[in-house]
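When we follow the numbering used here, the leftmost residue of the sequence shown carries the number 1412, and every step to the right adds one. To start, the structure under review is shown below, and the notes come after it.
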Amino acid sequence: MSGALLIIVLGAPGAGKTTLARQLAAELDLPLLVRDDFKEILFDTLGWSDRPWSRKLGLASARLLYYALETFLAAGHSLVVESNFRNEYDAEHFAALQRRHGCRTVQVLCEAEPKVLLQRFRGRAGSGERHPGHVDHVLVADFAQVCRGGCWEALAIDGPVIRVDMNDLEAIDTAGIAGTIRALAEGGRGQGARDKE
1412 MSGALLIIVL GAPGAGKTTL ARQLAAELDL PLLVRDDFKE ILFDTLGWSD
1462 RPWSRKLGLA SARLLYYALE TFLAAGHSLV VESNFRNEYD AEHFAALQRR
1512 HGCRTVQVLC EAEPKVLLQR FRGRAGSGER HPGHVDHVLV ADFAQVCRGG
1562 CWEALAIDGP VIRVDMNDLE AIDTAGIAGT IRALAEGGRG QGARDKE
């Protein structure tokens, strides 16, 4: 049993979770795994084209991400991981990691109003800043529908949840969130899921 701490940063696309995850990893001096980083390496290596290909490489990037998580946790290393994780796809993977490695988890759930998420998604789709392999420009309509459903929730796994209001990215208190994570890591062994404002 490693007893490592796994910080899971999750939420809808456009919530600002990658930026927050990078800041938290730096603040906590921990390694960071970002699923989109794996996906973009695959795009650059194998090429990119359309939405089905993006989905295929998305599945491959998820497998690579979980392989990397296994490697870190088996060695007893704490780390931060970020993606738009969903219960139906990812909860059992994380529960299995908890069982196999005895790792503690803290979820950082990035939340924003649907209109804010959609505005950011549209903005980045047209900005040219994201890798074109993500084909964001063809996903805007679908994302608008999914966003209205509000389907990004904390994963149904053991461990505390920190909910972060991401509507105003300039107002995010990264140091404060990191402090909460440290406090939970020191006193949170064996505690069930709970929410922090």
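Note that the Cβ used here is the ideal one computed from N, Cα and C, for glycine as well.
Exposed unless 16 or more other CB atoms sit within 10 angstroms - verdict on residue i
i	result
Lys1467	exposed
Ala1507	exposed
Glu1597	exposed
Arg1462	exposed
Ala1594	exposed
Leu1580	exposed
Ile1418	buried
Arg1446	buried
Beta-carbon proximity check, residue i vs residue j, cutoff 8 Å
i	j	result
Leu1484	Cys1514	yes
Leu1435	Val1420	yes
Ser1489	Leu1441	yes
Ile1573	Ile1588	yes
Val1575	Leu1431	yes
Leu1457	Ser1472	no
When the options are compared against residue i, the one with the closest alpha-carbon
i	options	result
Leu1416	Leu1528, Asp1447, Asp1501 and Leu1439	Leu1439
Gly1469	Ser1460, Ile1583, Trp1459 and Lys1450	Lys1450
Ala1564	Arg1511, Ala1586, Arg1446 and Tyr1500	Residue identity differs from the one stated: residue 1564 is Glu in this sequence, not Ala. When only C-alpha atoms are compared, the closest one is Tyr1500.
Whether or not the segment 1527-1534 and the segment 1415-1431 are in contact is what I'm after, with contact meaning three or more pairs of Cβ atoms, one per stretch, closer than 8 Å; do they touch? yes
Can you list, in chain order, the stretches of the beta strand (DSSP E) that have 3 or more residues and sit fully within the segment 1412-1489? 1416-1422 and 1443-1445
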